[in-house]
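Student: Throughout the sequence shown, residue numbering follows our numbering, covering 2 to 297 in sequence.
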Amino acid sequence: MKKLSKNAIIGYPAGIITGITYGLNPLFAMPLMKNGAAIESILFFRYSFAVLLLGLFLVLRKQSFRISGKQIGVLLVLGLLYTSSSIFLFEAYDYIASGLATTLIFLYPVLVAIIMVFLKVVPSWPVWLAIAATFGGVLIMTQSDGSQTINPIGVLLSIASALVYALFIVIINRSKAIAGISNSLLTFYALTVGAIVFLGKILSSDTAITAGITTGADWLNLVGLALLPTIVSTATLAIASRNIGATKASVLGVFGPITAIIIGTLMFGEPLTSHIIIGISISIIAVTFMIAMTKR
């Protein structure tokens, strides 16, 4: 086993935290959707609360909010990509089980690796092996054993979410324009774009801004969405991408579908099949192998 570098000691735990917190999406989102809350309203409050909490954090740290014109363009693109990923994922929840939808998003490490190859950044063989194994694990997890049906619309929406999420990761890792921006400030501006987009969607539709959001538990779920799968997940993703690279950071996202499946099984009674157990085991072994065989 190779000795881990300082970047690896920071990056690998951050990547694992990213996966786990992103996988908590169904825990907070499903109760809201079952109560009739509109997707636009859920995502608007999710992003708005995240912006307020993160903005307060930045003010307390006395951090400047100043950015250049070139950085505005990149942050706008990042915000639109992250927003699109959320929309596709939440729409997928209407067609397939929440754990399965979040699992399918884990196709994004393959997409990240392919994009990075086009950018002439070729992963080492342990990383390729980990990608192949985790991809195989995800495919096994999505196999139906007859206890659930898989709607192709939900699958396509999840894959679309994976694609835009992959682009989000690559831009964070490769853009020189935003290299000097702190992870917290990058997250703040990306989420601000999302809040504006969802406010626009609500205002342009007949949806009431608080439709289906009536109880204290609903508001707590929105705060939970803002804090863990949004602020923490996005910030730690930026940390991981900058310290260990986009490809390895994306592979660690396998903890997202694992978390989502556990939540779906324990909280919402979604089936835990033998395929899922085998797929999870393969993925965890693959990630452990990658960390053990690489220094960064």
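Beta carbons are placed, not taken as given, at the ideal position from N, Cα and C, and that holds for glycine. Note that the structure is a prediction, hence the values are computed from the model and not measured.
(1) By Cβ distance below 7 Å, which residues in the same chain neighbour Ala-131 in space, the five residues on each side in sequence not counted?
(2) If we count the other Cβ atoms within 10 Å of its Cβ and call it buried at 16 or more, is Lys-177 buried or exposed?
(3) Check whether the stretch 107-115 touches the stretch 226-239, taking contact to mean three or more Cβ pairs, one atom from each stretch, closer than 8 Å.
(4) Leaving out the 5 sequence neighbours to the left and right, which residues in its chain are closer than 6 Å to Ser-99 when beta-carbon positions are compared?
(5) Can you tell me the Cα-Cα spacing of Gly-24 and Ala-51, whole angstroms?
(6) With a threshold of 6 Å (Cβ to nearest heavy atom), would Leu-130 be considered close to the ligand MN?
(7) Please return the same chain residues whose Cβ sits closer than 6 Å to the Cβ of Ala-15, not counting the five positions on each side in sequence.
(8) State the Cα-Cα distance for the pair Ala-167 and Ser-125, rounded to the nearest angstrom.
(9) Quick one: grab the DSSP three-state call for Gly-16.
(10) Can you round the beta-carbon distance between Phe-189 and Leu-59 to whole angstroms, since I take them to be within the 8 Å contact cut?
(11) Provide the residue span of the alpha helix (DSSP H) that contains Tyr-190, from first to last.
(12) Pick helix, strand or coil for Asn-26, following the three-state DSSP scheme.
(13) In the DSSP assignment, find the unbroken alpha helix (DSSP H) run with Arg-93 in it and report its ends.
Tutor: For this structure:
(1) Val-252, Ala-287, Val-288, Phe-290, Met-291
(2) exposed
(3) no
(4) Pro-27, Met-31, Gly-265
(5) 17 Å
(6) As for the ligand MN, it is missing from this structure, which has no ligand bound.
(7) Thr-237, Ile-240, Ala-241
(8) Straight-line Cα distance between these residues: approximately 19 Å.
(9) helix
(10) Correct: roughly 6 Å between the Cβ atoms.
(11) 184-204
(12) helix
(13) Correcting the residue type first, residue 93 is Ala in the shown sequence and not Arg. Looking at the DSSP string, the run of the alpha helix (DSSP H) that includes Ala-93 is 70-93.
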